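Since the structure comes first, as structure tokens, the remarks are kept for the end.
Number of protein chains: 2
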Amino acid sequence: MHEVEVLDEFGATRRISIPAERALTVFVDNRELVTLMTLGAAPELLVLGYLRNQRLVESAADIDSITVDWDVQAAAVKTRAGIERFDEKTAKRVVTTGCGQGTVFGDLMGDLDAIRLPAADEPSARLSQHALYGLLNAMRLQESTYKSAGSVHGCALFRQDELLMFVEDVGRHNAIDTIAGWMWLNDVGGGDKIFYTTGRLTSEMVIKSAQMGVPIIVSRSGITQMGHELANQLGLALFGRATNRHFICYSGFERFDSQPEPARGGAENVVG
Amino acid sequence: MHEVEVLDEFGATRRISIPAERALTVFVDNRELVTLMTLGAAPELLVLGYLRNQRLVESAADIDSITVDWDVQAAAVKTRAGIERFDEKTAKRVVTTGCGQGTVFGDLMGDLDAIRLPAADEPSARLSQHALYGLLNAMRLQESTYKSAGSVHGCALFRQDELLMFVEDVGRHNAIDTIAGWMWLNDVGGGDKIFYTTGRLTSEMVIKSAQMGVPIIVSRSGITQMGHELANQLGLALFGRATNRHFICYSGFERFDSQPEPARGGAENVVG
């Protein structure tokens, strides 16, 4: 966190905290790949997940080492045998929704046909309304720790309503990439997991989740059409606008055990 | 807008609207540059502003035509004399904050030294608290037209509290690029203008604004450290967390005429 002096509507100056982002340039086998802006909480995991989600490396075992040196704002990645077709893989840019112009290298839709998520009748790949509320409550408690600074995105990995990992970063793609890196490094499967993100349910989030084998995403925000279409195509369940006891299930109804709230009009629901 | 069927916390299925994003691949002189995900409200302006903000073209006069064909999801840009050093300019990627991984080609900080914003004592390059409230009220009225679908970012150009142009897109960078394209096409200067964005005050937003010569940005969201540092360096005024009669001025105090609200504790402020 970084403190700055501000002026408010009462004409008062005061000091507040803002997120302290840093530039981290990634070099793969001494070749510059990309510069990521990050809070830097877990840079090695971020770089690992980034390489994975961009599908530049196939297996964590292909990577010999990742060395982060903040003095020169660089992450040096050493692979065991180099990256095949490096130029080709990084030549094509797709600017995705993100907050506008996120980037994935290669063919956005590539390899999607190869993705198999667990069947919807698999109990660990389903979510009940009760467990969803438990998950949202866990996030509510978690989020209170970083609310001071704002302007960051949070992302979390759950098994039902059990919080396994939480990370925040200036961008939601960095946050999800860091979780991907963690899963990959620790060989954690996605089939019985649920993603929580404060960001929107865009095509890129759906693709990243599917690539990690995670069949359910919960978001505090809304959805885009491409995100919706891809989720339907992949059989992925999407919950958006999810806070407290409110949510919208956009897709993958077959993974959801609805336990409906009493109909609107009751005093509690009017207030809540 | 696109209608989908959803399920809510009451177990009710209903139809809601979600933003309908489309892929638009940009070809420059028959060479593929990038694919943008967009609502597609003003694709020619978006492409023009994108080329400008990436500093791939120097002047609107360098562009002969932009032809958008939605059937093939492509925008064909024809330049008058080609783009010099095209490969070099598009080779370096910086992944910026955005919602994580926005991209600008070339050196992010390049050319910043050449930017001269109007002096802070220039009346048209200042903002009073009263005019800020007028601007926020104009946005409140404007936003109500697209609130139905959510999940989009709005961006607007103001002269004091007079709304000149408003655009929304799935990403805030697309929105600001579209406004840049409009300004560029119509030869509209930025020195007496104010940007409004629903997105965060990141380094990329500050740079784009400065490149267009706009000395003041107002945002509904918060700020990042790099955005803050760049704004201080450039003498750009940043207002964040701005809705109704609330705001925080993060930088460029010298461009702001504070007209303080009565101190907290008054009944109106407690409610507001």
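Protein chains in written order, with this note's numbering: chain A, 746 to 1017; chain B, 746 to 1017.
Ideal placement from N, C-alpha and C gives every residue a C-beta, glycine not left out.
Since this is a predicted model, take the numbers as computed values, not measurements.
Got a sec, what are the start and stop residues for the beta strand (DSSP E) residue i sits in?
{"i": "Ala690(A)", "result": "Examination of residue 690(A) is not possible in this model, given that chain A is present from 746 through 1017 alone."}
{"i": "Ala819(B)", "result": "Ala819 to Thr824"}
{"i": "Gln914(B)", "result": "Inspection of the sequence shows that residue 914(B) is occupied by Asp rather than by Gln. Its beta strand (DSSP E) spans residues Glu907 to Asp914."}
{"i": "Ile962(A)", "result": "Ile961 to Ser964"}
{"i": "Gly972(A)", "result": "Note, Gly972(A): premise wrong, no beta strand (DSSP E); alpha helix (DSSP H) at Gln970 to Leu979."}
{"i": "Asp809(B)", "result": "Ile808 to Asp814"}
{"i": "Val753(B)", "result": "A small correction: the amino acid at residue 753(B) is Asp; Val does not occupy that position in the sequence shown. Asp753(B) -> beta strand (DSSP E) spans His747 to Asp753."}
{"i": "Phe984(B)", "result": "Ala982 to Thr988"}
{"i": "Leu902(B)", "result": "His898 to Arg904"}
{"i": "Phe998(A)", "result": "Note, Phe998(A): premise wrong, no beta strand (DSSP E); not H, not E."}
{"i": "Glu777(A)", "result": "Arg776 to Thr783"}
{"i": "Leu769(A)", "result": "Arg767 to Val773"}
{"i": "Ile763(B)", "result": "Thr758 to Ile763"}
{"i": "Thr943(B)", "result": "From DSSP, Thr943(B) is part of no beta strand (DSSP E); its letter is neither H nor E."}
Could you name the residues of the same chain whose beta carbon sits closer than 6 Å to that of residue i, not counting the 5 residues immediately before and after it, in chain order?
{"i": "Ile761(A)", "result": "Val751"}
{"i": "Phe984(B)", "result": "Val963, Phe992 and Cys994"}
{"i": "Thr871(B)", "result": "A quick correction: the sequence has Arg, not Thr, at residue 871(B). The residues are Arg1000."}
{"i": "Ala865(A)", "result": "Glu999 and Arg1000"}
{"i": "Ile968(A)", "result": "Leu946, Gly985 and Tyr995"}
{"i": "Val959(B)", "result": "Gly935, Lys938 and Phe940"}
{"i": "Gly972(B)", "result": "Leu946, Thr947, Ser948 and Val951"}
{"i": "Asn977(A)", "result": "Ser996"}
{"i": "Leu975(A)", "result": "Ser948 and Val951"}
{"i": "Arg759(B)", "result": "none"}
{"i": "Asp1002(A)", "result": "Ser873"}
{"i": "Met780(B)", "result": "In the sequence as displayed, the identity of residue 780(B) is Thr instead of Met. Closer than 6 Å at the Cβ level, and outside the excluded window around Thr780(B), lie Ala768 and Thr770."}
What are the boundary residues of the alpha helix (DSSP H) that includes residue i?
{"i": "Gly794(A)", "result": "Pro788 to Asn798"}
{"i": "Thr923(B)", "result": "Arg917 to Leu930"}
{"i": "Met950(A)", "result": "Ser948 to Gln956"}
If I measure Cβ to Cβ from residue i and keep anything under 7 Å in the same chain, skipping five residues before and after, which residues do I get?
{"i": "Asp713(A)", "result": "Nothing about residue 713(A) can be read from this structure; chain A reaches only from 746 to 1017."}
{"i": "Ala821(B)", "result": "Phe772 and Thr812"}
{"i": "Lys823(B)", "result": "Asp774, Asp809 and Ser810"}
{"i": "Arg904(A)", "result": "Asp937 and Lys938"}
{"i": "Thr783(B)", "result": "Glu766, Arg767, Leu769, Leu791, Asp914, Val915 and Asn919"}
{"i": "Arg965(B)", "result": "Thr943, Ala987 and Thr988"}
{"i": "Met910(A)", "result": "Ala901, Leu902, Ile924 and Trp927"}
{"i": "Met957(A)", "result": "Ala925, Met928 and Gly935"}
Answer with buried or exposed for residue i, where buried requires no fewer than 16 other C-beta atoms within 10 angstroms of its C-beta.
{"i": "Glu803(B)", "result": "exposed"}
{"i": "His875(A)", "result": "exposed"}
{"i": "Leu902(B)", "result": "buried"}
{"i": "Gly955(B)", "result": "Residue identity check: residue 955(B) is Ala in the sequence provided, not Gly. Buried."}
{"i": "Ser948(A)", "result": "buried"}
{"i": "Glu748(B)", "result": "exposed"}
{"i": "Met746(B)", "result": "exposed"}
{"i": "Thr890(B)", "result": "Note that Thr890(B) scores a pLDDT of 48, beneath 50, so its modelled location is shaky and nothing firm can be said."}
{"i": "Trp929(B)", "result": "buried"}
{"i": "Gln970(B)", "result": "buried"}
{"i": "Trp927(B)", "result": "buried"}
{"i": "Glu754(B)", "result": "buried"}
{"i": "Glu777(B)", "result": "exposed"}
{"i": "Val817(B)", "result": "exposed"}
{"i": "Ala757(B)", "result": "exposed"}
Report yes if the C-beta of residue i is less than 6 Å from at least one heavy atom of the ligand SAM; otherwise report no.
{"i": "Thr780(B)", "result": "This structure lacks the ligand SAM, and indeed carries no ligand of any kind."}
Within a Cβ cutoff of 8 Å, which residues of the same chain sit near residue i, ignoring the five residues on either side of it in sequence?
{"i": "Ala1012(A)", "result": "Unreliable positioning characterises Ala1012(A) in this predicted model, as indicated by a pLDDT of 45, which lies under 50. A coordinate reading is not provided."}
{"i": "Val897(A)", "result": "Pro764, Leu784, Tyr891, Glu913, Asp914 and Val915"}
{"i": "Arg885(B)", "result": "Thr988 and Asn989"}
Going along the chain, which residues of the region 961 to 984 of chain A sit with their C-beta nearer than 8 Å to a C-beta in chain B?
Residues Ser966, Gly967, Ile968, Thr969, Gln970, Met971 and His973.
For the region 897 to 908 of chain B, which residues have a CB atom closer than 8 Å to at least one CB atom of chain A, in sequence order?
Of all residues in the region 897 to 908 of chain B, His898 have a Cβ within less than 8 Å of some Cβ in chain A.
Which residues, in order along the region 909 to 925 of chain A, keep a beta-carbon less than 9 Å from a beta-carbon of chain B?
Answer in chain order: Asp914, Val915, Gly916, Arg917, His918, Asn919, Ala920, Ile921 and Asp922.
The region 756 to 783 of chain A: which residues have C-beta closer than 7 Å to a C-beta of chain B, in chain order?
Along the region 756 to 783 of chain A, going in chain order, the ones with a CB nearer than 7 Å to a CB of chain B are Gly756, Ile763, Pro764, Ala765, Glu766, Val779, Thr780, Leu781 and Met782.
Below 9 Å between beta carbons is the criterion; list the residues of the region 988 to 1009 of chain B that meet it against any residue of chain A, in chain order.
For the region 988 to 1009 of chain B, the beta-carbon criterion of a distance under 9 Å to any beta-carbon of chain A is satisfied by Arg990, His991, Phe992, Ile993, Cys994, Tyr995, Ser996, Phe998, Phe1001, Ser1003, Gln1004, Pro1005, Glu1006, Pro1007, Ala1008 and Arg1009.
Near-chain B residues of the region 870 to 887 of chain A (beta-carbon distance less than 8 Å), N- to C-terminal order:
Within the region 870 to 887 of chain A, the qualifying residues are Gln874.
Residues in the region 798 to 811 of chain A with C-beta within 8 Å of chain B's C-beta atoms, listed in sequence order?
Only those residues of the region 798 to 811 of chain A whose C-beta falls short of 8 Å from the nearest C-beta of chain B would be listed, and there are none.
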